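S.K.: Just dropping this structure here.
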Amino acid sequence: MSQLPEKNFISSTQIQPAVALVSPRLATVGQFIAVVLIWSFTPLAAVLTVHEIHWAWGLFFRFSIAIPLALICLFYFRQKLILTPQALISYSAGAVGLFGSMTFCYMGATRVSSGMISIIYGTAPLWSGLIAVFILKREHFLKRQWYGLTLALFGLSLTLGIGTDDIQLDSLGVLYEMIAVLLYVFSMFAVAKVGAEIHPIIQTTGSTLVSWFGYLCLLPFFLTEAPTQLPSLQTSLALLYSALFSSVLAMIFYFHLIQKLNPTTVMLITILTPVFATCWGIWFNHEPVSSHLVIGLMLLCFGLFLYAYRNRPRPQ
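For the record, in the sequence shown the residue sitting at position 271 is 271 according to full-length UniProt numbering, with numbers rising by one throughout.
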């Protein structure tokens with residue numbers, strides 16, 4: 001079954017003017033590695049941001065920085081922001097996965113570790129598959145996918161410490177992250193349902209603008225939490241990283257990979273990202289590690305692989 005968009009909306013000349021002199025295969029490998037590394041550091045950047053800045057202001061600053069960068073990318077790829085009614089609806093649908101999902105993600109980041117954020121987000125393909133099967137009723141699981149789903153959910157329960165004596169996770173923080181993932185998945189279905197079929201960079205820019213206006217409307221409720229001094233160097237770098245790499249650069253690379261690689265290979269990003277993110281959190285933020293976290297993460301990754309793996313058709 002399909003959990004990833006596979007429509008080819010971008011010509012190769014549009015999406016890769018910066019790598020024209022590089023081997024296409026080498027460029028694709030580099031982009032794959034870049035997306036894994038960027039997204040594996042993103043939860044840590046969120047946690048470092050909310051340590052010093054209230055989550056609402058942190059997100060407002062992040063999207064304020066991301067907007068001019070996204071507009072520069074539009075100019076670079078010779079695209080223009082589309083303002084038709086269908087495009088505006090598509091931007092709003094995409095904003096559910098930015099404004100809505102990021103709001104709960106950053107709220108949860110005040111309570112749970114960066115590794116746990118990445119692990120929970122790594123289950124997004126499972127929830128999208130379940131929605132497609134049981135709610136939309138347009139897909140069906142193979143037996144192997146049921147095995148993978150069961151194993152992945154069991155691994156997730158172990159990483160959360162469910163059934164162990166030393167569970168230390170904040171249940172409200174986990175709930176926030178689960179809501180964030182579900183909003184992210186819902187956003188993907190909503191954008192597909194609108195079917196605007198516009199350039200992904202235009203979609204990203206439009207959704208970023210809508211999300212920024214959302215945070216602008218949210219700030220009056222958190223005026224008392226406004227920063228009173230400049231953030232530290234660490235927090236400033238985390239904000240810049242989230243805006244430049246996570247919000248813009250990784251998305252450009254990701255949309256390119258969707259069109260160049262088969263879905264199983266792209267799904268490896270979802271499998272590898274939680275592993276690296278957990279390591280970064282342990283090494284750089286001194287986050288706790290336990291045996292059930294390691295075992296659960298291994299089972300989750302293997303379950304995701306079983307769930308996503310597709311046999312290649314044999315050549316005739």
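For glycine and all other residues, C-beta sits at the position ideal for the given N, C-alpha and C. Just so we're clear, the structure is a prediction, and the values are computed from it rather than from any experiment.
1. Quick check: the Cα distance between serine 114 and glycine 281, rounded to an integer number of angstroms?
2. Residue range of the alpha helix (DSSP H) that tyrosine 106 falls in?
3. Classify glutamate 139 as helix, strand or coil using the three-state DSSP reduction.
4. Put methionine 266 into one of helix, strand or coil per three-state DSSP.
5. By the DSSP assignment, the alpha helix (DSSP H) with leucine 74 in it spans what residues?
6. CA-CA distance, isoleucine 82 and tryptophan 57?
7. Considering Cα atoms alone, identify which of Leu136, Leu48, Thr278, Tyr91 is closest to serine 187.
8. Between threonine 273 and tryptophan 55, what straight-line distance do the alpha-carbon atoms span, to the nearest angstrom?
9. Leaving aside the five residues before and after tyrosine 121 along the sequence, list all residues of the same chain whose C-beta is less than 6 Å from its C-beta, in chain order.
10. Check for me: the alpha helix (DSSP H) holding valine 181 runs from which residue to which?
11. Identify whether glutamate 197 lies in helix, strand or coil by the three-state DSSP scheme.
12. Can you tell me whether serine 290 is helix, strand or coil according to DSSP?
13. Beta-carbon within less than 7 Å of alanine 70's beta-carbon, same chain only, minus the 5 sequence neighbours each way: which residues are those?
14. Could you tell me how far apart the beta carbons of threonine 270 and isoleucine 119 are, in whole angstroms, since I believe they sit closer than 8 Å?
15. Can you give me the C-alpha to C-alpha distance between isoleucine 202 and proline 85, rounded to a whole angstrom?
16. Among Tyr241, Glu139, Leu233, Ile252, which one has its Cα closest to the Cα of cysteine 73?
17. How close, in whole Å, do the beta carbons of methionine 298 and proline 125 come, if the pair is a contact with beta carbons under 8 Å?
18. Could you give the C-beta distance for leucine 160 and leucine 169, rounded to a whole number, given that I count them as a contact under 8 Å?
19. Could you tell me the boundaries of the alpha helix (DSSP H) in which tyrosine 309 lies?
20. Could you pull the start and end residues of the alpha helix (DSSP H) that serine 114 belongs to?
21. Note down, in chain order, each residue of its chain lying with its Cβ closer than 6 Å to the Cβ of lysine 260, except the 5 sequence neighbours on either side.
22. Taking 8 Å as the threshold (C-beta atoms), are tyrosine 184 and methionine 107 in contact?
23. If we ignore side chains and look at the alpha-carbon of each, how far apart do proline 227 and phenylalanine 61 end up?
24. Consult DSSP for isoleucine 131 and reduce its assignment to one of helix, strand or coil.
25. State the start and end residues of the unbroken alpha helix (DSSP H) segment that holds valine 35.
26. Just reading off the alpha helix (DSSP H) that residue 369 is part of, what are its end residues?
27. So, under 8 Å CB-CB, phenylalanine 32 and leucine 244 are touching, yes? Tell me the CB distance rounded to an integer number of Å.
28. Work out the CA separation of proline 43 and valine 133 for me, nearest whole Å.
29. Could you check the C-alpha separation between serine 171 and alanine 87 for me, to the nearest Å?
30. Out of curiosity, what's the CA-to-CA distance linking valine 275 and alanine 190?
31. Can tryptophan 212 and serine 64 be called in contact, C-beta distance under 8 Å?
32. Measure the CB-CB distance between alanine 45 and serine 242 and report whether it falls below 8 Å.
M.R.: Checking against the coordinates, here is how it stands:
1. What you label residue 114 is simply residue 114 of the sequence shown in a count that begins at 1. What you label residue 281 is simply residue 281 of the sequence shown in a count that begins at 1. The C-alpha of serine 114 lies about 6 Å from the C-alpha of glycine 281.
2. By 1-based counting over the sequence shown, the position of residue 106 is 106. Counting along the chain, the alpha helix (DSSP H) containing tyrosine 106 begins and ends at 101 to 109.
3. For the purposes of this step, residue 139 is taken as residue 139 along the sequence shown, with counting starting at 1. The answer is coil: DSSP assigns glutamate 139 none of H, G, I, E or B.
4. Sequence index remark: in the sequence shown, residue 266 carries index 266 (1-based). In the sequence as presented, methionine is not what sits at residue 266; that position holds valine. Secondary structure of valine 266 (DSSP, three-state): helix.
5. For the purposes of this step, residue 74 is taken as residue 74 along the sequence shown, with counting starting at 1. Residues 55 to 76.
6. Residue mapping note: residue 82 aligns to position 82 of the sequence shown, counting from 1. Residue mapping note: residue 57 aligns to position 57 of the sequence shown, counting from 1. Take the alpha-carbon of isoleucine 82 and the one of tryptophan 57: they are about 28 Å apart.
7. Indexing the sequence shown from 1 puts residue 187 at position 187. Cα-wise, what sits closest to serine 187 is Tyr91.
8. Here residue 273 is taken as the residue at index 273 of the sequence shown, counted from 1. Here residue 55 is taken as the residue at index 55 of the sequence shown, counted from 1. Taking the straight line joining both Cα atoms gives about 23 Å.
9. Here residue 121 is taken as the residue at index 121 of the sequence shown, counted from 1. Answer for tyrosine 121: Val181, listed in chain order.
10. The residue given as residue 181 occupies position 181 in the sequence shown. 171 to 194 is the span of the alpha helix (DSSP H), which, as asked, contains valine 181.
11. Looking up residue 197 in the sequence shown gives position 197. Note: glutamate 197 maps to coil in three-state DSSP.
12. In the sequence shown, counting from the first residue as 1, residue 290 sits at position 290. Serine 290 falls in the coil class under three-state DSSP.
13. Residue mapping note: residue 70 aligns to position 70 of the sequence shown, counting from 1. Scanning its chain for C-beta atoms nearer than 7 Å, with the 5 sequence neighbours on each side dropped, one finds around alanine 70 the residues Thr204, Thr205, Thr208, Val248, in chain order.
14. Position 270 of the sequence shown, counted from the first residue, corresponds to residue 270. Position 119 of the sequence shown, counted from the first residue, corresponds to residue 119. Contact doesn't hold; Cβ gap of about 11 Å is too wide.
15. Position 202 of the sequence shown, counting from 1, holds the residue named residue 202. Position 85 of the sequence shown, counting from 1, holds the residue named residue 85. It is roughly 14 Å from the alpha-carbon of isoleucine 202 to the alpha-carbon of proline 85.
16. As a position in the sequence shown, residue 73 is number 73, starting the count at 1. Answer by Cα proximity: Ile252.
17. Here residue 298 refers to the residue found at position 298 of the sequence shown. Here residue 125 refers to the residue found at position 125 of the sequence shown. Actually they do not touch by this definition, with Cβ atoms about 17 Å apart.
18. Residue 160 sits at position 160 when you count from the first residue of the sequence shown. Residue 169 sits at position 169 when you count from the first residue of the sequence shown. Rounded to whole angstroms, the Cβ separation of leucine 160 and leucine 169 is 6 Å, and the two are in contact under 8 Å.
19. Counting from 1 along the sequence shown, the entry for residue 309 is found at position 309. Segment: none, tyrosine 309 is in no alpha helix (DSSP H) and carries neither H nor E.
20. Residue numbering aside, residue 114 sits at position 114 when the sequence shown is read from its first letter. Note, serine 114: alpha helix (DSSP H), 114 to 121.
21. Numbered from its first residue, the sequence shown carries residue 260 at position 260. Excluding positions up to five away in sequence, the list reads Thr28.
22. One-based indexing of the sequence shown puts residue 107 at position 107. One-based indexing of the sequence shown puts residue 184 at position 184. Contact: no.
23. Taking the first residue of the sequence shown as position 1, residue 227 is located at position 227. Taking the first residue of the sequence shown as position 1, residue 61 is located at position 61. Looking at the two C-alpha atoms, the distance is approximately 11 Å.
24. Locating residue 131 in the sequence shown gives position 131, counting from the first residue. If DSSP states are grouped into helix, strand and coil, isoleucine 131 belongs with the helices.
25. Start at 1 with the first residue of the sequence shown, and residue 35 comes out as number 35. Valine 35 -> alpha helix (DSSP H) spans 24 to 50.
26. There is no way to answer for residue 369, as the model of the chain reaches only from 1 to 316.
27. On the sequence shown, residue 32 is found 32 positions in, with the first residue counted as 1. On the sequence shown, residue 244 is found 244 positions in, with the first residue counted as 1. With a contact defined as Cβ atoms closer than 8 Å, phenylalanine 32 and leucine 244 miss out at about 19 Å.
28. Position 133 of the sequence shown holds residue 133. Position 43 of the sequence shown holds residue 43. Between the C-alpha atoms of valine 133 and proline 43 there is a straight-line separation of about 29 Å.
29. By one-based count along the sequence shown, residue 171 stands at place 171. By one-based count along the sequence shown, residue 87 stands at place 87. Spanning the two alpha carbons is a distance of roughly 38 Å.
30. On the sequence shown, position 275 is the one that residue 275 refers to. On the sequence shown, position 190 is the one that residue 190 refers to. Spanning the alpha carbons of valine 275 and alanine 190 requires a straight line of approximately 29 Å.
31. Within the sequence shown, residue 212 is the residue found at index 212, counting from 1. Within the sequence shown, residue 64 is the residue found at index 64, counting from 1. Yes, the pair counts as a contact, with Cβ atoms nearer than the cut-off.
32. Here residue 45 refers to the residue found at position 45 when the sequence shown is read from its first residue. Here residue 242 refers to the residue found at position 242 when the sequence shown is read from its first residue. At a Cβ-Cβ threshold of 8 Å, alanine 45 and serine 242 count as neighbours.
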